[in-house]
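Enquirer: First the structure, which I've put down as C-alpha cells, then a few questions once you've had a look.
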Amino acid sequence: MTDARNLWARRLATDFRAALVVTGLLALAPLFVSSPYTLGIIIVSIYFALLALGWNLLAGFTGQFSLAPAAFAMLGGYTTALLGYHLKAPLAIGIPAAILVTALLGFVLGRIVLRLKGPYLALTTLSFAEIARVVVYNSNEFTRGDQGLNVASLMDSRVGYYYLFVVVLLAVLVGLYLLMRGRAGRFWLAIRDDETGAESRGINVVRYKTFAVALSSAICGLAGSLYGTFSQLVSPELGLLQQTGLVIAMVVIGGMGSLTGPIVGALLVYLTSEWLRGFGGIQLIVFSTLVIVVARFFRTGLWGLATQPRAAKAAGAAP
Amino acid sequence: MLAVDLFVNGLIFGLFYALMAVGLAMIFGVLRVVNFAHGEFYMVGAYTYVLVAMKLGVSPWLALPAAAAAGALLGAVVERLLMRPLYAGYASWSIMKDEYAVVVTFGLSLLLINLVDKIVGPYPYRGPALTELSRVVLGPVLLNGQKLIAAGVSLALLVGLALFIKRSLWGRQIQAVAQNRLGASLAGIDATRTTSLIFAISGLLAALSGALLAPLINPSPDVGAFPAMKSYVIVVLGGMGSIWGAMIAALLLGILEAFFAVYVSYDYRDALGLLILILVLLFRPQGLVGEKGREV
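Chains as they are written, first to last, in my numbering: chain A, 1 to 319; chain B, 1001 to 1296.
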C-alpha cells in the first residue's frame, strides 16, 4: 500500500517538475521571440493548454469523458462579452463571472448525469455543446449571432498578455498539482480505476465526479474568457466540435493522466497546426489520424513514452 | 388538419431517425460503447449516393445499393481495425474501455469529416431524387415524392431488420452475444464474426439513411452531426442497447419534433433533443423499455 502510494506521489512530483520546466521555458520565450505574431500564436497555444488541462482533469484523472471543453470556453467568453455589452460590466467582474457561470453549468450538468454509470456524460455534453453553439448563433438580438461580440481588452501590450497567460497557466498547474496530491486527487484516481471499488470504500463517487466536472468547466470558462479579451472578439466558432477534437488530440498525443502531457501536447499540436496551415488545411486529418494511432498503440502518449522506462525501473517490475 | 399533416411528416422523420439509431443501439448492446463516428457513416452514405449517381451517371436506384455497400464496408473495417481490441485477445485486458472507445471513435469522426472535406470539397451537394414527383397530396397530408419513397424504403428496411433479428440464425446469434458474450461463445457462436456483422449492419443502415435523405438535405461534410446527436438521444430514450426501444423512441422523437417546430420554436427545434435527454436522465434513466439497475 505505502509503496504504491509513494510511487504515485513520486511520479506526480516528477511530472509536476517537468511541467514547471516547460512553463518556465515558456516564460523565457519573449526574450528570444520578438515578433508579436509569433507571440500571439504561443498565447493561443497556452489557451489550448488550459483547455487541455481542464479536459485531462476529467478524462485523464477521473475517467469521465466530456465532449464540451470548447463549448465551455465559448460560454466563458460569451459571459464576459455579454456582461460588457449589455451591462457595461468591467473585466474585473466579467472574468470572475465567466468562471462562476461555467462552474455552475458544469455542476448542474454533472448533478443530472453523473448519478448514472456509463457513457451518459459524453452523450449529454455532446448534445449540450452543439445546442449551446446553435443557441448562441441563433439569438441574434442578444448575442449578435455569427457576427460575434467585441470584448474589452485588458491591456495594450502583447508581452503583457503573454505573461498573463503564462501566470494563469502556472496557477492552474499548481492548483491541479495540489489537488492531485491531496485527498481529492486520490479519490479521482480511485474512481477512474475502479468506480464500484471506490464506492465500496465509502468514497462519495457522485460528489467527487461532479466536483471534477465543475472544476474542469471552470478552467475552460476562464480560458475562454481570457481568450476573448485577448482577441477582443468572441464568436460561436469558439465552441465548434472541431475545437474539442483539437483539445482531445492534444491530451491524447501529449499523454493522458499527466500534467506535463496536456501542456506539451497543446504546444506541439497547435504550433504544428499553424505550420501545416501552409500545406492546405490538412491539420485535422493529420491530428485525428495521430489520435487514433496513439490511442490504439501508445496509450500513454508522449509523456508515457518518455517516462515508462524510468517508471518500470522505479517499480522494480520486469516489463 | 395541420395536426394530421405534422403527425405523418413527423412519423416519416422518425423512420429515418430509426434507421440511424437502431445501428447505434445494436453496437451498444454488444460492446457497451458508443460509436461517436455514427454520424459519419450517414455522411459517407449520402456522399456515396450523390457521387455515384452524378459522376457515374447511373440511376439513383443503383446508387442506393452502392451507398449501402459503402456503409457496410466502412462499418466492418472500423470494427476490424479499431473495435476488436476492446474484446479480443490479451490486449483487451489492459484497455480502459470507455476511454478507448470515446477517443478512437471521436477521432475517427473528425478524420472522416476532414477527409471528405479535403477530397470532395466543403460545399454542399444536391443529390438526384429517386422520383420526379415533387408533390403528393393524401387527404390533408402534403408530401414530397422523394420523402414518401424514402419513408417506404425505410419502413421495409426496419421490418426486414426486425424479422432478421427475431427469426434468422444470424439474428439470434446477435441476440445471444448481446445478452452474454461469454455464454454465447461457449454455446459455439462465433462472437467475433457476430460483432463484425453488427458493425456492417449498423454502417449499412446509417449509410442508407444518409443516401435516402441526400436529395433533401444537400450533404456537406459535417451533415452527420445532428442526425448522430438525435440518435444518441433516441438510444438513451429507448433504453441503452435496446433495438425495439430505439425504434419506438425514434418515431416518438420525430413526431414530437414536428409539433415542437411548429408550435414552439422552429429555430430551436434541435434543442428539443437535449431537453428530452435531460428529462430522461432525471426521471427515467433506464429508458422506455430498458433494463433496470443502471443507476449507481
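Ideal placement from N, C-alpha and C gives every residue a C-beta, glycine not left out.
Since we're looking at a predicted model, the values are computed, not measured.
Considering only the alpha carbon of each residue, which of A:L109, A:Y85, A:I131 and A:T62 lies closest to L1272 of chain B?
Expert: The shortest Cα separation from L1272 of chain B among A:L109, A:Y85, A:I131 and A:T62 belongs to A:I131.
Enquirer: Does any residue of chain B bring its CB to less than 9 Å from the CB of Q288 of chain A?
Expert: The displayed chain sequence assigns Ser, not Gln, to residue 288 of chain A. Yes, because at least one Cβ of chain B sits closer than 9 Å to the Cβ of S288 of chain A.
Enquirer: With distances taken from CA atoms, which of A:V166, A:V213, A:I112 and A:A223 is nearest L20 of chain A?
Expert: Nearest C-alpha to L20 of chain A: A:V166.
Enquirer: V113 of chain A touches chain B at which residues, Cβ-Cβ below 8 Å?
Expert: Neighbours of V113 of chain A on chain B, chain order: L1281.
Enquirer: To the nearest angstrom, report how far apart G1101 of chain B and S34 of chain A are at their CA atoms.
Expert: Strictly speaking, residue 1101 of chain B in this sequence is Ala, with Gly absent from that position. Distance between the alpha carbons of A1101 of chain B and S34 of chain A is about 43 Å.
Enquirer: Among the candidates A:T307, A:V247, A:G239 and A:A68, whose CA atom is the shortest distance from the CA of I46 of chain A?
Expert: Among A:T307, A:V247, A:G239 and A:A68, the Cα nearest to that of I46 of chain A is on A:V247.
Enquirer: CB L75 of chain A to CB V172 of chain A, shorter than 9 Å?
Expert: For L75 of chain A and V172 of chain A, no; Cβs fall outside 9 Å.
Enquirer: Which residues mark the beginning and the end of the alpha helix (DSSP H) in which L176 of chain A is found?
Expert: Taken as a continuous stretch (DSSP letters only), the alpha helix (DSSP H) holding L176 of chain A covers R158 to R181.
Enquirer: Which full runs of the alpha helix (DSSP H) of 4+ residues lie inside the region 23–66 of chain A, going along the chain?
Expert: Within the region 23–66 of chain A, the complete alpha helix (DSSP H) runs of at least 4 residues are 36–56.
Enquirer: May I ask you to report which of helix, strand or coil DSSP gives L1143 of chain B?
Expert: If DSSP states are grouped into helix, strand and coil, L1143 of chain B belongs with the strands.
Enquirer: Should the region 152–166 of chain A be called in touch with the region 101–109 of chain A, which here means at least 3 C-beta pairs below 8 Å?
Expert: Segments in contact, no.
Enquirer: So for L1056 of chain B, helix, strand or coil by DSSP?
Expert: Coil.
Enquirer: Would you mind telling me which residues of chain B sit closer than 8 Å to R11 of chain A, beta carbon to beta carbon, in chain order?
Expert: Chain B residues near R11 of chain A: none, gap ~18 Å exceeds 8 Å.
Enquirer: Indicate the three-state DSSP secondary structure (helix, strand or coil) for N1218 of chain B in the structure shown.
Expert: Of the three classes helix, strand and coil, the one that applies to N1218 of chain B here is coil, per DSSP.
Enquirer: Counting contacts by CB-CB distance shorter than 9 Å, is Y120 of chain A in contact with chain B?
Expert: At least one chain B Cβ lies under 9 Å of Y120 of chain A.
Enquirer: Opposite N150 of chain A in the DSSP bridges: which residues?
Expert: In DSSP, N150 of chain A forms a bridge with A:L233.
Enquirer: If the criterion is Cβ atoms closer than 9 Å, does the pair W303 of chain A and G254 of chain A meet it?
Expert: Yes.
Enquirer: Below 8 Å on the Cβ atoms is my guess for L1031 of chain B versus Y1123 of chain B; work out the distance and round it to an integer in Å.
Expert: About 36 Å; that fails the 8 Å criterion.
Enquirer: How far does the beta strand (DSSP E) with V1136 of chain B in it extend, from its first residue to its last?
Expert: Run containing V1136 of chain B: V1136 to L1138, per the beta strand (DSSP E) assignment.
Enquirer: So is S1109 of chain B in contact with chain A if we call contact Cβ pairs under 9 Å?
Expert: It does: the Cβ of S1109 of chain B has a partner Cβ on chain A nearer than 9 Å.
Enquirer: In the structure shown, what three-state DSSP assignment does L259 of chain A receive?
Expert: Coil.
Enquirer: Given this structure, state the Cα-to-Cα distance separating L1082 of chain B from G1171 of chain B, to the nearest angstrom.
Expert: Cα to Cα, the separation comes out at about 23 Å.
Enquirer: For L116 of chain A, which three-state DSSP category applies?
Expert: Of the three classes helix, strand and coil, the one that applies to L116 of chain A here is strand, per DSSP.
Enquirer: In angstroms with no decimal places, state the Cα-to-Cα distance between S273 of chain A and L240 of chain A.
Expert: In a straight line, the C-alpha of S273 of chain A is about 17 Å away from that of L240 of chain A.
Enquirer: Are the C-beta of I1149 of chain B and some C-beta of chain A separated by less than 9 Å?
Expert: It does not: the Cβ of I1149 of chain B has no partner Cβ on chain A nearer than 9 Å.
Enquirer: For chain A, is any of its Cβ atoms less than 9 Å away from the one on L1006 of chain B?
Expert: Taking Cβ atoms only, chain A never reaches closer than 9 Å to L1006 of chain B, which makes this a no.
Enquirer: Would you call the region 1021–1031 of chain B and the region 1231–1243 of chain B in contact, with 3 or more CB pairs under 8 Å?
Expert: Enough Cβ pairs lie closer than 8 Å, so yes.
Enquirer: Following the continuous alpha helix (DSSP H) through T143 of chain A, name the residue where it begins and the one where it ends.
Expert: Counting along the chain, the alpha helix (DSSP H) containing T143 of chain A begins and ends at N140 to T143.
Enquirer: Using the beta-carbon count (16 or more within 10 Å), is T196 of chain A buried or exposed?
Expert: Classification of T196 of chain A: exposed, given that the 10 Å Cβ count is below 16.
Enquirer: Using a Cβ-Cβ distance cut-off of 9 Å, determine whether V134 of chain A contacts chain B.
Expert: It does; some Cβ of chain B falls within 9 Å.
Enquirer: Please tell me whether V1103 of chain B has its Cβ less than 9 Å away from any Cβ of chain A.
Expert: Closer than 9 Å: yes.
Enquirer: Please decide whether M256 of chain A counts as near chain B, where near means a Cβ-Cβ distance under 9 Å.
Expert: By this cut-off, M256 of chain A is an interface position.
Enquirer: Taking its Cβ as the centre, do 16 or more other Cβ atoms sit within 10 Å of W1093 of chain B, making it buried, or is it exposed?
Expert: For W1093 of chain B, the pLDDT reaches just 48, beneath the cut-off of 50, and the residue's location in the model is therefore unreliable, although a value from the coordinates is still provided. So W1093 of chain B counts as exposed.
Enquirer: Mind checking the region 176–187 of chain A against chain B and listing, in chain order, the residues whose C-beta falls within less than 8 Å of any C-beta there?
Expert: Answer set for the region 176–187 of chain A: empty.
Enquirer: Please report the straight-line C-alpha distance between L1073 of chain B and R296 of chain A, rounded to a whole angstrom.
Expert: Those two C-alpha atoms are separated by around 21 Å.
Enquirer: Using the C-alpha atoms, what's the distance from A89 of chain A back to S1202 of chain B?
Expert: If you take the alpha carbons of S1202 of chain B and A89 of chain A, they lie about 51 Å apart.
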